[in-house]
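Next up, the structure:
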């Protein structure tokens, strides 16, 4: 817990010590009534965790999910909305089935975590007591990681890296482009949500421009990284589908990103400047504010966890899953979050209901669409090892694969989307 | 799903009809543990929730138990091509495969 948070709640070390010394596997100390799990965040990590504990405990655990939005737009597959291949509605989900699965859903913002009292404080002051807490707030953006960028600037230069209105704004600006206009993307430093995401997005931009018949429009990606996920596959696909349209620049090529000017659309690098009709600025990232305020993050801005169980290294009563966590070799993805949530759910049940616990296993696959029916994937199996979540095996699509295989990958990704949203939202 | 199995290699009952069946129907001595199966199955459910026969990724609750075991072992030996499934199956022991098969064969909708 941060010093600020400690002062806010006025709880000092005595209570902390008592809490820390409580046996971890002792359902009998939890007090009367059903043991309580509270989950902050209703996305791929939090939604899955809440549903799985409710479902698999058959009502033996009182599960409360705190999520301010009544309708949740998934970041995953939002690039397909950008590309005009899916509707916004098709990537937006409500919590009706989550409620029917036995989860108490509170649509309110969680403002703070009082770890000493084991309570979550909602906007308005209501406190929700927990025996175990799961924190899945996703990411926050470090707007100041790009000089000249800000939350206000995002209304002119959308990031669209937290889905919803930002995604709609990005599409509105994309659809307003004229032939000859330039799109400039700024790609973020590691670690960030969805490593192949910026490059799939560039592909979807190009698909839209190509479909509109643009001959002169260009997409310039200014990257702060020397390389990126599935790079060879994207480069090959861009040359095949959009020759000459997408230009990727590593730091050696642009010399460093100096500033952006949201009012003029100007983006200045050390070696040049660009006038963007559409600027898509994806800044550096960190764990969601509530996790950082609660002292669950380290100096990296993300939350260290125990790879055996997804427990916070700062507090044995708190789990952190999804993009906010430091998950070792696992990328920040919905698939990863969903996988981590299932490990955490299994451990939560074992601690609160004495059900059996099994060794943690994790899995991830990320599909990326380069052009309609040209889909590539990367994935891995993961297990605890060397003090982190370690990849035990990995795979990635190969260059020059058949169009039939790429099309099958796409269909697989669509089925995965339908599967995982059912897993999360019921 | 017809026409999809050879390339994508997801668990597909139709493969069984072309030669895999009978290779390893059940493993003698591998005990099935339904609780273990339920936990391991959660990994599958990120993808395998298909509700229609048009889906590329099949609903595992509709696959006969012995077929499930056969196909997963084929993925484990990398005799079926989908790398995502090879990845999943590659770390499963015989007991774990039997546990998964038991769980899916006795569960309507996980």
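Residue numbers (the numbering used here), protein chains in the order written: chain A, 21 to 446; chain B, 3 to 112. Glycine included, C-beta positions come from ideal geometry on N, C-alpha and C.
For the beta strand (DSSP E) containing residue 114(A), list its first residue and its last residue.
Indexing the first chain from 1 puts residue 114(A) at position 94. First-last of the beta strand (DSSP E) with residue 114(A): 112-114.
Which full runs of the beta strand (DSSP E) of 3+ residues lie inside the region 360-439 of chain A, going along the chain?
382-391, 394-405 and 408-416, all fully within the region 360-439 of chain A.
For residue 59(B), return the contacting residues in chain D, with the cut-off set at a CB-CB distance below 8 Å.
The displayed structure is made up of protein chains A and B, and chain D is not among them.
At 9 Å on the CB atoms, spell out the chain A contacts of residue 92(B), in chain order.
The residue you call residue 92(B) lines up with position 90 of the second chain. 401, 412 and 413, listed in chain order.
Consider the Cβ of residue 69(B): report whether some Cβ of chain A lies at a distance smaller than 9 Å.
Within the second chain, numbered from 1, the residue matching residue 69(B) stands at position 67. No, its Cβ sits nowhere closer than 9 Å to a Cβ of chain A.
Under a three-way DSSP split, which group does residue 213(A) fall into?
Position 193 of the first chain holds residue 213(A). Strand at residue 213(A).
Alpha carbon to alpha carbon, what distance is there between residue 104(B) and residue 83(B)?
Here residue 83(B) refers to the residue found at position 81 of the second chain. Here residue 104(B) refers to the residue found at position 102 of the second chain. Computed Cα separation, rounded: 24 Å.
Less than 9 Å separating the beta-carbons of residue 298(A) and residue 194(A)?
Translated into positions along the first chain, residue 298(A) becomes position 278. Translated into positions along the first chain, residue 194(A) becomes position 174. It is a contact, given that the beta carbons lie within the stated cut-off.
Locate the beta strand (DSSP E) running through residue 447(A), then write down its first and last residues.
Given that chain A is displayed from residue 21 to residue 446, the structure contains no residue 447(A) and the question cannot be resolved.
On the three-state DSSP scale, how would you describe residue 46(B)?
As a position in the second chain, residue 46(B) is number 44, starting the count at 1. Looking at residue 46(B) - three-state DSSP - the assignment turns out to be helix.
Mind checking the region 33-46 of chain B against chain A and listing, in chain order, the residues whose C-beta falls within less than 8 Å of any C-beta there?
Flagged, chain order: 37, 38, 40, 41, 42, 44 and 45.
Chain A partners of residue 2(B), CB-CB under 8 Å?
Outside the modelled stretch of chain B, which goes from 3 to 112, sits residue 2(B), for which no answer is possible.
Strictly under 9 Å for the Cβ-Cβ distance: is residue 103(B) near chain A by that measure?
Position 101 of the second chain, counting from 1, holds the residue named residue 103(B). Cβ-Cβ to chain A under 9 Å: no for residue 103(B).
Is it the case that the Cβ atoms of residue 265(A) and residue 100(A) are separated by a distance below 9 Å?
In the first chain, the residue the question calls residue 265(A) occupies position 245. In the first chain, the residue the question calls residue 100(A) occupies position 80. No, Cβ-Cβ distance for residue 265(A) and residue 100(A) is not below 9 Å.
Spell out a yes or no on whether the region 239-254 of chain A and the region 330-349 of chain A are touching, meaning 3 or more CB-CB pairs, one atom from each, closer than 8 Å.
The region 239-254 of chain A vs the region 330-349 of chain A: no contact.
Let me make sure I understand the geometry here. Which of 63(B), 81(B), 97(B) and 80(B) has the alpha-carbon closest to that of residue 46(B)?
Counting from one through the second chain, the residue named residue 46(B) turns up at place 44. Here the closest residue by C-alpha is 63(B).
The alpha helix (DSSP H) with residue 194(A) in it runs from where to where?
As a working mapping, residue 194(A) is identified with position 174 in the first chain. Unbroken alpha helix (DSSP H) run through residue 194(A): 185-195.
Measure the beta-carbon distance from residue 108(A) to residue 437(A) and round it to whole angstroms, keeping in mind my assumption that it falls under 8 Å.
Counted from its first residue, the first chain places residue 108(A) at position 88. Counted from its first residue, the first chain places residue 437(A) at position 417. The pair is not a contact, with the Cβ atoms about 14 Å apart (cut-off 8 Å).
Could you tell me whether any Cβ in chain A is nearer than 9 Å to the Cβ of residue 76(B)?
As a first step, residue 76(B) must be located in the second chain, where it is residue number 74. Not closer than 9 Å to any Cβ of chain A, the Cβ of residue 76(B) fails to qualify, so no.
Is it buried or exposed for residue 291(A), if we count other Cβ within 10 angstroms and need 16 for buried?
Indexing the first chain from 1 puts residue 291(A) at position 271. Exposed, since its Cβ has fewer than 16 Cβ neighbours within 10 Å.
Three or more C-beta pairs closer than 8 Å, one from the region 111-124 of chain A and one from the region 205-223 of chain A: is that the case here?
Too few Cβ pairs lie closer than 8 Å, so no.
Ends of the alpha helix (DSSP H) at residue 258(A)?
For the purposes of this step, residue 258(A) is taken as residue 238 along the first chain, with counting starting at 1. Residues 251-261.
According to DSSP, simplified to helix, strand and coil, what is residue 202(A)?
Indexing the first chain from 1 puts residue 202(A) at position 182. DSSP places residue 202(A) in strand when its eight states are reduced to three.
Quick check on the burial criterion: 16 or more other C-beta atoms within 10 angstroms. Buried or exposed for residue 180(A)?
Against the first chain, residue 180(A) aligns to sequence position 160. Buried, because 16 or more other Cβ atoms sit within 10 Å of the Cβ of residue 180(A).
Taking beta-carbon pairs under 7 Å, can you tell me which members of the region 365-389 of chain A lie near chain B?
Correct list: 366, 376, 378, 381, 383 and 385.
Assuming residue 165(A) and residue 200(A) make a contact with CB atoms under 8 Å, what is their CB distance in whole Å?
Here residue 165(A) refers to the residue found at position 145 when the first chain is read from its first residue. Here residue 200(A) refers to the residue found at position 180 when the first chain is read from its first residue. Their Cβ separation, rounded to whole angstroms, is 30 Å, which puts residue 165(A) and residue 200(A) out of contact at 8 Å.
Rounded to whole angstroms, what's the CA-CA distance from residue 205(A) to residue 182(A)? Just pull it up for me.
For the purposes of this step, residue 205(A) is taken as the residue at position 185 of the first chain. For the purposes of this step, residue 182(A) is taken as the residue at position 162 of the first chain. C-alpha separation (whole angstroms): 16 Å.
Smallest Cα separation from residue 412(A): which of 162(A), 420(A), 418(A) and 402(A)?
Along the first chain, read from residue 1 onward, the residue named residue 412(A) stands at position 392. Comparing Cα-Cα distances from residue 412(A) to each of 162(A), 420(A), 418(A) and 402(A), the minimum goes to 402(A).
Determine the extent of the beta strand (DSSP E) in which residue 281(A) is found, giving its start and end residues.
One-based indexing of the first chain puts residue 281(A) at position 261. 277-281 is the extent of the beta strand (DSSP E) around residue 281(A).
Please classify residue 477(A) as buried or exposed, where buried requires at least 16 neighbouring CB atoms within 10 angstroms.
In the structure as shown, chain A begins at 21 and stops at 446. Residue 477(A) is therefore absent and cannot be evaluated.
Pick from 294(A), 125(A), 77(A) and 326(A): whose alpha carbon is nearest that of residue 405(A)?
Here residue 405(A) corresponds to residue number 385 of the first chain, with the count starting at 1. The candidate whose alpha carbon is nearest that of residue 405(A) is 326(A).
What separation, rounded to the nearest whole angstrom, lies between the Cα atoms of residue 138(A) and residue 151(A)?
Working through the first chain from its first residue, we reach residue 138(A) at position 118. Working through the first chain from its first residue, we reach residue 151(A) at position 131. Those two C-alpha atoms are separated by around 7 Å.
Looking at the ligand ZN, does it come within less than 8 Å of residue 120(A), judged from the CB to the closest heavy atom?
The ligand ZN is not part of this structure, which contains no ligands at all.
Where does residue 456(A) sit, in a helix, a strand or coil, going by DSSP?
Look at the range of chain A in this structure, 21 to 446, and you will see that residue 456(A) is not part of it.
Taking only beta-carbon atoms, is residue 355(A) less than 9 Å away from chain B?
If you number the first chain from 1, residue 355(A) lands on position 335. Judged by the 9 Å Cβ criterion, residue 355(A) is in contact with chain B.
Measure the alpha-carbon distance for residue 113(A) versus residue 427(A) and round it to whole angstroms.
Working through the first chain from its first residue, we reach residue 113(A) at position 93. Working through the first chain from its first residue, we reach residue 427(A) at position 407. Residue 113(A) and residue 427(A): Cα-Cα distance of roughly 26 Å.
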